[in-house]
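Visitor: Mapped onto this note's numbering, the consecutive letters of the sequence shown carry residue numbers 3 to 341. Got a structure for you, questions after.
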Amino acid sequence: MKNHKILITGGAGYIGSHTVIKLLELGFSIVILDNFSNSTYRIIKKIKEITNKNFEIIKGDITDRRILKNIFKKYKIKSVIHFAGLKSVNESDKFPLSYYENNVIGSINLIKEMELANIKNLVFSSSATVYGNQNNHLYKEDAPLSPINTYGRTKLIIEEILRSICNIDPEWRAIIFRYFNPIGAHESGLIGDNPINCPNNLLPFICQVAIGKRKKLFVFGDDYPTSDGTGKRDYIHVEDLANAHALSINYFEKTNNSFSVFNLGTGKSFSVLEVIKAFEEATSIKIPYQIVKRRDGDVCESLADPSKAKLELGWEAKFDLKRMCIDSWRWQSINPKGI
Ligand code: NAD
Ligand code: UD1
């Protein structure tokens, strides 16, 4: 493992930092590239505290080809796990050019420099958002793709770029992970989802209500055609995602598929009210809430069929919703103001 060096773009971010820890624990050698636009250097210290291992950290931007060239010249990188990107749906529709530049041009630059350095193993963080809003909410990887926001379109474009490259060059190994709804935190409580501004996502908002930072949760709509009228999602523990990334490195070695797509979810969906209840049961903290109108751009339900990942990658989600709530809450209570 020590001689398998992995470049992790966005390794200081939420999913990246959990994956870095997992890979360091498995003995991989790690180089992180992050511009800290949505993370802080303090995360790096926490990773060192948890693992007691050394790794390289470079402050830089994936849109900067010079930095990428230097990294590939300096380190013998064998694989790249590419988390770096902007991820706010709302913001993406307000600032589409920034999103296309950062996510799409950044990825093109990364892929170009990988080609020049003859590095052809890449794991890419995509999203269930690429499926858009369809009548059948149980998504298999071959479901039609029709993202309904700029963020989702940047993900689909990058997927398609990778598909094209793999079509013409069988030496490429591209693994596309479509994450469903990542929540939870490292069991140490030292790292977790660290939203810099007001959280958009459900669990970080619930945690901030629980810690007293916000008075109540606003539940976006109770008139969806679901069991209790609130939106349903497939929540997945960030540690399960980290495990999938660890398995992806072995998959590079054993697969003949040049281009592979995997859903990463549990295959179970929960409504907003069910999540509130699970959080209250797991933590014994009451979450006051108010039903308000639907949020623009929200889908009714999103549910993964994760069977392909189980069959081909040997990956399966291990953590249930209760554990996701416990770990999210531990992180929030140890770090009431985030880090
Ligand atoms: P995050 O914002 O916590 O992490 C992304 C990291 O990338 C941050 O540390 C940020 O500073 C860095 N970054 C952003 N642009 C960069 C650039 N141009 N150059 C270098 N570094 C840059 O996000 P996350 O939740 O860890 O998500 C990781 C990836 O997974 C993203 O690509 C995101 O779109 C995707 N994803 C996330 C979710 C989710 O709910 N968290 C769901 C589906 C897909
Ligand atoms: C959001 C993004 C999606 C992204 C995903 C994971 C939007 C429109 N979609 O999806 O592209 O891939 O995060 O990062 O932003 N909810 C509330 N109150 C809140 C927050 C959320 O009721 O304060 C509800 C939502 O309406 C939804 C569920 O909780 O039904 C989950 O919301 P969220 O965590 O934001 O995830 P997604 O909507 O799936």
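Every residue gets a Cβ at the ideal spot worked out from N, C-alpha and C, and that includes glycine.
For a test of the three-state rule: what should DSSP assign to S335, helix, strand or coil?
Guide: For the purposes of this step, residue 335 is taken as residue 333 along the sequence shown, with counting starting at 1. Reduced to three states, the DSSP call for S335 is helix.
Visitor: To the nearest angstrom, how far is it from the Cα of L315 to the Cα of N123?
Guide: Position 313 of the sequence shown, counted from the first residue, corresponds to residue 315. Position 121 of the sequence shown, counted from the first residue, corresponds to residue 123. Roughly 16 angstroms between the two C-alpha positions.
Visitor: Using a threshold of 7 angstroms, state whether the C-beta atoms of V211 and L205 are closer than that.
Guide: Numbered from its first residue, the sequence shown carries residue 211 at position 209. Numbered from its first residue, the sequence shown carries residue 205 at position 203. No, Cβ-Cβ distance for V211 and L205 is not below 7 angstroms.
Visitor: Return the residue from the list S273, A14 and G267 that minimises the CA-CA distance to T232.
Guide: Looking up residue 232 in the sequence shown gives position 230. Comparing Cα positions, the closest option is S273.
Visitor: Tell me whether the beta-carbon of H239 lies closer than 7 angstroms to the beta-carbon of M326.
Guide: Sequence index remark: in the sequence shown, residue 239 carries index 237 (1-based). Sequence index remark: in the sequence shown, residue 326 carries index 324 (1-based). Yes, the Cβ-Cβ distance between H239 and M326 is below 7 angstroms.
Visitor: Verify the contact flag: N196, CB atom, against every heavy atom of the ligand UD1, threshold strictly below 6 angstroms.
Guide: Reading the sequence shown from its first residue, position 194 is the one you call residue 196. Because no heavy atom of the ligand UD1 lies under 6 angstroms away, the Cβ of N196 does not count as near it: no.
Visitor: For A176, which beta-bridge partners are listed by DSSP?
Guide: Working through the sequence shown from its first residue, we reach residue 176 at position 174. Beta-bridge pairing links A176 to L124 and F261.
Visitor: Distance, Cα to Cα, F38 vs I193?
Guide: Here residue 38 refers to the residue found at position 36 of the sequence shown. Here residue 193 refers to the residue found at position 191 of the sequence shown. Those two C-alpha atoms are separated by around 15 angstroms.
Visitor: So S129 packs on R180, CB below 8 angstroms; how close in whole Å?
Guide: As a position in the sequence shown, residue 129 is number 127, starting the count at 1. As a position in the sequence shown, residue 180 is number 178, starting the count at 1. Contact flag correct, Cβ pair sits at about 6 angstroms.
Visitor: In this structure, how does DSSP classify T232 when only helix, strand and coil are distinguished?
Guide: As a first step, residue 232 must be located in the sequence shown, where it is residue number 230. In the structure shown, T232 sits in coil (DSSP, three-state: anything other than H, G, I, E or B).
Visitor: Do I177 and E161 have their beta-carbon atoms positioned less than 7 angstroms apart in this structure?
Guide: The residue given as residue 161 occupies position 159 in the sequence shown. The residue given as residue 177 occupies position 175 in the sequence shown. No.
Visitor: When the Cα atoms are used, what is the spatial distance from K217 to S166?
Guide: Looking up residue 217 in the sequence shown gives position 215. Looking up residue 166 in the sequence shown gives position 164. Each residue's Cα considered, the two are about 49 angstroms apart.
Visitor: So who's on the other strand from I60, going by DSSP bridges?
Guide: One-based indexing of the sequence shown puts residue 60 at position 58. Note: I60 sits in a beta bridge opposite L35.
Visitor: Return the Cβ separation of N265 and A306 in integer angstroms, given the expectation that the two are a contact with Cβ distance under 8 angstroms.
Guide: Position 263 of the sequence shown holds residue 265. Position 304 of the sequence shown holds residue 306. Yes, N265 and A306 are in contact; Cβ-Cβ is about 4 angstroms, under 8 angstroms.
Visitor: My guess is that F321 and D242 are in contact by the Cβ rule of under 8 angstroms, so how many angstroms apart are they, rounded?
Guide: On the sequence shown, position 319 is the one that residue 321 refers to. On the sequence shown, position 240 is the one that residue 242 refers to. 6 angstroms between Cβ atoms; contact.
Visitor: Considering only C-alpha positions, which residue in the set K96, L28, N104 and K270 is nearest to D36?
Guide: Numbered from 1 along the sequence shown, position 34 holds the residue referred to as residue 36. Measuring from the Cα of D36, the nearest candidate turns out to be N104.
Visitor: Name the DSSP bridge partner or partners of P184?
Guide: The sequence position of residue 184 within the sequence shown is 182, counting from 1. According to DSSP, P184 bridges with I238.
Visitor: The ligand NAD and A14: does any heavy atom of the ligand fall closer than 6 angstroms to the residue's C-beta?
Guide: Residue 14 sits at position 12 when you count from the first residue of the sequence shown. The answer is yes for A14.
Visitor: Taking Cβ positions, are L26 and K55 nearer each other than 7 angstroms?
Guide: Stepping through the sequence shown from its first residue, residue 26 is reached at position 24. Stepping through the sequence shown from its first residue, residue 55 is reached at position 53. Closer than 7 angstroms, so yes.
Visitor: Candidates E143, T156 and G29: which alpha carbon is nearest T53's?
Guide: Indexing the sequence shown from 1 puts residue 53 at position 51. Taking only the C-alpha atoms, the option nearest T53 is G29.
Visitor: Please classify N196 as buried or exposed, where buried requires at least 16 other C-beta atoms within 10 Å of its C-beta.
Guide: Counting from 1 along the sequence shown, the entry for residue 196 is found at position 194. Result: buried.
Visitor: Bridge partners of L266, per DSSP?
Guide: Here the question's residue 266 lines up with position 264 in the sequence shown. Paired residues: Y181.
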